Structures are given as C-alpha cells and as structure tokens.
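Novice: Below is the structure I would like to discuss, written out as structure tokens.
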C-alpha cells in the first residue's frame, strides 16, 4: 500500500474537521498524519492528510470527502509534483560530554537548538518525513526524552518544466 498525501480545502467552521476525521474512522481508514491550519483566506482551512491505501481505496475516500458539507476541494497530491515539509521538536538527553556532538548533528541537519538545560537539549527541525526520521535515528542513541511532530504539510508545485 502506498502513502497518499491528500490536500483538502474546507470552510473554516465548527465541526468541519470532525466530519473529515469521522469519515476516515467510520470506514476503518487510518490517518498516518493530519495537519490543519488556515489558508490564504481566513474563512478556509487547509487539511493535509497522509493515509495508506491502494488507488481504489483512496479514490473512494476522495469521492466521500467531496460529498461532505463544508469541503470545497480535495486533491490527491501523490502523483503530482508537490513540496512537503514536516516540523519536529525533539528533546534529547544531554550532558557536557554529549552537547558538542548534538550541536554538530543539529548543524548537519540544518536544524536549530531552541532550548537547553543542564540535562537536555531541544532541537527544532523541518524537512521531509525521511529527513525527520533520519534525524531521530541519529539522536536516538543519546536518549530521546520527548518528540512532537506536526505531520506533513504540502502544496502542489506550480512550475512544470525544466530549469
């Protein structure tokens, strides 16, 4: 089963997100990640959902999403050219001996150290799911205390052609 990235524009109204999530749960579809926020228009929210399924299952989900009240547009970005990012905050155990190595790892991944204490460092990173996963694997041996991930946000690329 392939991971699909589904972009949904929905009227920014009470209950709209609940109906979208309810559609997935009522039909037994799993949501791998979900990200929601206002769009360029405050009255419209963009919901980005990542879900696994074959093309027929995803096609059914999209048809059902299009029938929901408040949903204005649904696009499966999976086969389009799109940009995606994920944000992660990782709190890692740190002491005097490990701090410099953690700072080097952070620099290599072009991330930021946003908090520091005598026993931990919190790192902020953005990038693809693969980049975030790789960073987590690099930090795991130090002792990860907490992780908060946003899930994927994505937009279709407008430029089509060669540079």
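Numbering (my numbering), first residue to last: 10 to 172.
Every residue gets a Cβ at the ideal spot worked out from N, C-alpha and C, and that includes glycine.
Here the structure is a predicted model, which means the values were calculated and not measured.
1) For residue 102, report the span of its beta strand (DSSP E) as first-last.
2) Give me the DSSP bridge partner(s) of residue 16.
3) Leaving out the 5 sequence neighbours to the left and right, which residues in its chain are closer than 7 Å to residue 18 when beta-carbon positions are compared?
4) When burial is assigned at 16 or more other CB atoms within 10 Å of the CB, is residue 92 buried or exposed?
5) Can you list, in chain order, the residues of its chain with a C-beta nearer than 7 Å to that of residue 161? Leave out the 5 residues immediately preceding and following it.
6) Scan the region 107 to 138 and note each continuous beta strand (DSSP E) run of 3 residues or more that stays entirely inside, going in chain order.
7) Can you have a look at residue 164 and say buried or exposed, based on whether 16 or more other CB atoms are within 10 angstroms of its CB?
8) Applying the 10 Å Cβ sphere with the 16-neighbour rule, what's the burial state of residue 151?
9) What number of angstroms, rounded off, separates the C-alpha of residue 104 from the C-alpha of residue 126?
Specialist: Well, looking at it:
1) Translated into positions along the chain shown, residue 102 becomes position 93. Segment 91 to 102, the beta strand (DSSP E) holding residue 102.
2) Locating residue 16 in the chain shown gives position 7, where the first residue counts as 1. Answer by DSSP bridge pairing, in chain order: 57 and 84.
3) For the purposes of this step, residue 18 is taken as residue 9 along the chain shown, with counting starting at 1. Contacts found: 48, 53, 55, 81 and 82.
4) Here residue 92 refers to the residue found at position 83 when the chain shown is read from its first residue. Its Cβ having fewer than 16 others within 10 Å, residue 92 is exposed.
5) Along the chain shown, read from residue 1 onward, the residue named residue 161 stands at position 152. Cβ neighbours of residue 161 within its own chain (closer than 7 Å, five residues either side excluded): 14, 42, 44, 57, 59, 93, 95 and 138.
6) Runs of beta strand (DSSP E) with 3 or more residues, each lying fully within the region 107 to 138, are found at 121 to 125 and 129 to 136, listed in chain order.
7) Residue numbering aside, residue 164 sits at position 155 when the chain shown is read from its first letter. A residue is called buried once 16 or more other Cβ atoms fall within 10 Å of its Cβ, and residue 164, having fewer, is exposed.
8) Here the question's residue 151 lines up with position 142 in the chain shown. Buried, since its Cβ has 16 or more Cβ neighbours within 10 Å.
9) For the purposes of this step, residue 104 is identified with residue 95 of the chain shown, where counting begins at 1. For the purposes of this step, residue 126 is identified with residue 117 of the chain shown, where counting begins at 1. Going by C-alpha positions, residue 104 is about 9 Å away from residue 126.
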